[in-house]
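Colleague:
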Amino acid sequence: VIGSGLGGLSCAALLAKEGLDVLVLEQHYEAGGCAHNFCYGLDGKPVSRARVQKEDLEAWHFEAGPSLYSGLSQERSPNPLKHVFQMIGEEPTWVTYANDDATAWGAFVPEAPDGYRMPTGAAGFEEVLERCGGPTAKEDWRRLSEALLPLAEGVMGLPSVAIRNDPGALITLVGRYVGPISQILSTGRAGRLAKPFSELMDEVNVTDDFLRNWMDLLCFLLQGMNSEGTLTAVMAYMIDDFYRGPGTLDFPIGGSGGIVDALTRGITKHGGSLQLSTPVKEILVENGRAVGVKAGANGKLTIRARKAVVSNADVWTTSKLVPRGAHQGFDEETDKLWAGDVKQCKSFMHVHVGIDEKFVPDDAPPQWTIVDRWDEDGIDVAGNVIVVSMASKLDPGLAPRGKHVIHAYTAGNEPWSVWEGLDPKSPEYKELKDERAECLWRAIEKVIPDARKHAEISMVGSPQTHAFYNGRDRGTYGPAIRAGKDTYPSQVTPLPGLYRCGDSTNPGIGVPPVAASGAIAAFSLLSIPAHWRNLDLVKM
12 VIGSGLGGLS
22 CAALLAKEGL
32 DVLVLEQHYE
42 AGGCAHNFCY
52 GLDGKPVSRA
62 RVQKEDLEAW
72 HFEAGPSLYS
82 GLSQERSPNP
92 LKHVFQMIGE
102 EPTWVTYAND
112 DATAWGAFVP
122 EAPDGYRMPT
132 GAAGFEEVLE
142 RCGGPTAKED
152 WRRLSEALLP
162 LAEGVMGLPS
172 VAIRNDPGAL
182 ITLVGRYVGP
192 ISQILSTGRA
202 GRLAKPFSEL
212 MDEVNVTDDF
222 LRNWMDLLCF
232 LLQGMNSEGT
242 LTAVMAYMID
252 DFYRGPGTLD
262 FPIGGSGGIV
272 DALTRGITKH
282 GGSLQLSTPV
292 KEILVENGRA
302 VGVKAGANGK
312 LTIRARKAVV
322 SNADVWTTSK
332 LVPRGAHQGF
342 DEETDKLWAG
352 DVKQCKSFMH
362 VHVGIDEKFV
372 PDDAPPQWTI
382 VDRWDEDGID
392 VAGNVIVVSM
402 ASKLDPGLAP
412 RGKHVIHAYT
422 AGNEPWSVWE
432 GLDPKSPEYK
442 ELKDERAECL
452 WRAIEKVIPD
462 ARKHAEISMV
472 GSPQTHAFYN
482 GRDRGTYGPA
492 IRAGKDTYPS
502 QVTPLPGLYR
512 CGDSTNPGIG
522 VPPVAASGAI
532 AAFSLLSIPA
542 HWRNLDLVKM
């Protein structure tokens with residue numbers, strides 16, 4: 012398995028559980044891909060998580076990627092990552108939050124520039140609509156909810172981990188989950204699931220500007236595009252999970268690293284292994300089939316695969332690993348990819364901060380989001396949407412005693428073109444980082460005044476940082492696959508023996524989809540009986 016993102020780790024853990032000899036190769040010195048944690052010691056120098064854990068060192072634990080999770084603490088859940096945990100018998104310890112005033116999600120939007128707290132659940136969202144929406148907002152929301160409810164009930168009962176990329180899906184998906192499929196078909200709106208969410212809002216006459224803007228924001232945070240580019244199926248799942256019931260958010264002890272550790276245990280306890288600091292330079296192809304990889308800093312380490320190679324790298328990076336001319340069908344797919352048939356989402360700016368708790372207000376939320384403006388040019392205007400996470404409010408062990416860690420990032424709206432060709436050691440690069448990070452500091456200081464002045468440690472990451480450490484082509488968030496117009500690449504490639512998973516493949520971007528993609532890749536390599544046995548462990 013090339014890459015240790017959540018998709019690759021999910022795939023590897025399921026394959027190892029079923030007795031396959033599994034090796035995960037990761038170019039970074041930390042596992043997790045875009046979801047990795049990295050640590051700095053009290054001396055301000057980087058230190059590996061492995062050493063911090065082994066020696067029980069005090070350290071700053073920073074998250075490189077996702078910080079918002081839901082549907083993971085309860086036993087019965089539609090979240091594919093939860094299903095992977097259930098199948099491998101490993102998972103982190105969860106903290107639940109956002110269901111009370113003390114831990115409610117903070118939001119700063121044009122209608123409420125001074126911010127407000129938004130508890131999850133139906134009641135919390137209605138309060139937001141009352142405060143920020145127009146006279147039709149609540150009625151528009153009621154109609155939208157009623158249209159989504161029957162679709163959501165079907166989607167929530169249909170685990171994406173039941174999918175496989177062969178005719179066996181008729182057994183594991185259609186045959187096993189007849190009830191939820193019938194529920195979806197009975198709505199008369201089944202075709203809507205694969206169409207843009209904006210079309211459903213149009214159909215039920217959602218006219219309130221704030222509600223439509225808020226739905227665009229949620230779509231963007233989930234998959235990097237607005238409601239015109241996001242599948243109704245994705246929003247049916249998210250809205251049901253997040254807004255209909257009492258609602259909670261979940262956070263893993265250990266941060267995203269806790270998720271990575273659980274998936275890694277699922278690999279190693281069955282004899283699989285994870286090798287860090289081992290970049291893959293080439294996928295070996297013999298007689299028209301992928302048979303292994305060349306790895307290591309100089310590419311001289313040859314590792315042969317008895318069954319398959321699974322790439323968790325993005326599709327652009329994967330395409331560069333297969334030698335040109337090794338397989339005609341793969342070359343043709345690559346030509347389409349680089350011709351722009353698959354567009355890219357933008358990238359990120361990051362600011363990581365360590366600060367003494369005395370400078371953090373007692374009522375500061377663990378998470379807050381800032382929308383500068385509902386721009387006519389789109390929600391993804393550079394620096395417009397920013398997410399801030401203070402993970403140590405939920406897990407104090409992520410920071411030294413009496414301290415907090417903060418991660419602020421622009422949500423997939425930073426263009427690569429601004430950074431392309433810059434020397435990361437040049438003064439121009441540092442100046443540009445400081446300039447482009449200014450909006451992130453302002454977002455942090457919405458809640459923590461003078462955070463910049465009081466920071467004990469701070470780092471700025473750019474799209475180049477994202478590309479270098481996470482192996483992302485041009486630092487991209489992932490493919491910009493527009494609902495109803497394009498489809499995500501499959502886990503099966505034109506090259507026999509080469510599979511793929513992660514946010515470049517179906518079902519797309521985000522933590523739940525990438526876990527599902529890893530499971531789909533694994534089960535496409537396993538027998539139908541093995542797949543069925545694992546589905547017996549999934550609780551919906």
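Heads up: the sequence shown is residues 12 to 551, going by our numbering. All C-beta atoms in this analysis are idealised placements derived from N, C-alpha and C, irrespective of residue type, glycine included. Note that the structure is a prediction, hence the values are computed from the model and not measured.
1. Given that a residue counts as buried once 16 or more other Cβ atoms are within 10 Å of its Cβ, and exposed if not, what is W608?
2. Would you report the Cα separation of Q502 and K347, rounded to the nearest angstrom?
3. Within its chain, find whatever has a CB closer than 6 Å to the CB of L17; leave out the 5 residues flanking it on each side and keep chain order.
4. Taking one C-beta from the stretch 155-172 and one from the stretch 201-220 each time, how about it: are there three or more such pairs within less than 8 Å?
5. Per DSSP, what kind of secondary structure is G529 in: helix, strand or coil?
6. So, L184 versus A247, is the Cβ gap smaller than 7 Å?
7. Mind checking if L181 is an interface residue toward chain B, Cβ cutoff 7 Å exclusive?
8. Just confirm the distance between the C-beta atoms of A532 and V321, as a whole number of angstroms; I'd bet it's less than 8 Å.
9. Short of 7 Å in beta carbon distance, which residues of its chain neighbour N395, apart from the five on each side in sequence? Order them along the chain.
10. Cβ atoms of L409 and G266: under 7 Å apart, would you say?
11. Taking C-alpha atoms, which residue in C50, G19 and K28 lies nearest to E37?
12. On the DSSP letters alone, give me the boundaries of the beta strand (DSSP E) that F341 sits inside.
13. In chain order, what residues of the same chain have a beta carbon less than 8 Å from the beta carbon of R559, not counting five sequence neighbours either side?
14. Just curious, the beta strand (DSSP E) that T107 is in, first and last residue?
15. How should G340 be labelled, buried or exposed, when 16 other C-beta atoms within 10 angstroms of its C-beta is the threshold for buried?
16. Mind checking who V371 pairs with in its DSSP beta bridge?
17. Can you grab the Cα-Cα spacing for the pair A402 / I468, in whole Å?
18. For M129, which beta-bridge partners are listed by DSSP?
19. Mind the definition here: the stretch 85-94 touches the stretch 512-523 only if three or more C-beta pairs lie below 8 Å; say whether that holds.
20. Just list the residues that DSSP pairs Y510 with in beta bridges.
21. Provide the residue span of the alpha helix (DSSP H) that contains G336, from first to last.
22. Taking contact to mean 3 or more Cβ pairs, one atom from each stretch, closer than 8 Å, check whether the stretch 326-335 and the stretch 344-362 are in contact.
23. Using 10 angstroms around the beta-carbon of L26, count the other beta-carbons present and answer buried if the total reaches 16, otherwise exposed.
24. If P505 sits next to H338, beta carbons under 8 Å apart, how far is it from one beta carbon to the other, in whole angstroms?
25. Give a yes or no on whether the C-beta atoms belonging to G486 and H477 are separated by under 7 Å.
26. From K149 to E141, what distance separates their C-alpha atoms?
27. Per DSSP, what kind of secondary structure is H465 in: helix, strand or coil?
28. At which residue ranges does the stretch 401-430 contain complete beta strand (DSSP E) runs of 3 or more residues, listed in the order of the chain?
29. Return the first residue and the last residue of the beta strand (DSSP E) that A70 is part of.
30. Within the same chain, show all residues whose beta-carbon is closer than 8 Å to that of T289, passing over the 5 residues directly before and after it, in chain order.
31. Look at I417 and V364 and say whether their C-beta atoms are less than 7 Å apart.
32. Buried or exposed: P263, going by 16 or more other Cβ atoms within 10 Å of its Cβ?
33. Quick check: the stretch 281-298 against the stretch 129-141, are at least 3 beta-carbon pairs closer than 8 Å?
34. Start and end of the alpha helix (DSSP H) containing Y248?
Modeller: Quick answer:
1. The chain is shown only over 12 to 551; residue 608 falls outside these bounds and no answer can be derived.
2. Each residue's CA atom was taken as its position, placing Q502 and K347 some 17 Å apart.
3. These residues qualify, in order along the chain: A46, V525 and A526.
4. Look at the beta carbons and you see the stretch 155-172 touching the stretch 201-220: at least three pairs across the two are nearer than 8 Å.
5. For G529, the three-state secondary structure derived from DSSP is helix.
6. At a Cβ-Cβ threshold of 7 Å, L184 and A247 do not count as neighbours.
7. Looking for chain B here will not work: only one protein chain is present.
8. About 6 Å separates the two Cβ atoms, so the contact holds.
9. V382, D383, R384, D386 and N424.
10. L409 is positioned such that its CB atom lies closer than 7 Å to that of G266.
11. The option with the nearest alpha carbon to E37 is G19.
12. Note, F341: premise wrong, no beta strand (DSSP E); alpha helix (DSSP H) at Q339 to K347.
13. Limits of the chain in this structure are 12 at one end and 551 at the other, which puts residue 559 out of reach.
14. T107: member of the beta strand (DSSP E) spanning W105 to Y108, first to last residue.
15. Residue burial is scored here from C-beta neighbours: G340 has fewer than 16 other C-beta atoms within 10 angstroms and is therefore classed as exposed.
16. The partner list for V371 (beta bridge, DSSP) is empty, contrary to what the question assumes.
17. Cα atoms of A402 and I468: separation of roughly 16 Å, rounded to the nearest angstrom.
18. BP columns for M129 point to W116.
19. Yes, they touch.
20. According to DSSP, which records beta bridges pairwise, Y510 is partnered with V321 and V503.
21. Taken as a continuous stretch (DSSP letters only), G336 belongs to no alpha helix (DSSP H), as it is neither H nor E.
22. Yes, they touch.
23. By the 10 Å Cβ count, L26 comes out buried.
24. Here P505 really is in contact with H338; their C-beta atoms are around 7 Å apart, less than 8 Å.
25. Yes, the pair counts as a contact, with Cβ atoms nearer than the cut-off.
26. When only Cα atoms are considered, K149 and E141 end up about 7 Å apart.
27. Helix at H465.
28. Segments of the beta strand (DSSP E) lying fully in the stretch 401-430: 414-421.
29. For A70, the enclosing beta strand (DSSP E) starts and ends at A70 to E74.
30. Short of 8 Å from the beta carbon of T289, and not among the five residues preceding or following it, lie these beta carbons of its own chain, in chain order: L36, E37, Q38, A306, G307 and L312.
31. In this structure, the beta-carbon distance from I417 to V364 falls below 7 Å.
32. Buried, by the Cβ-count rule.
33. Between the stretch 129-141 and the stretch 281-298, the count of Cβ pairs shorter than 8 Å is below three; the stretches do not touch.
34. Unbroken alpha helix (DSSP H) run through Y248: T243 to I250.
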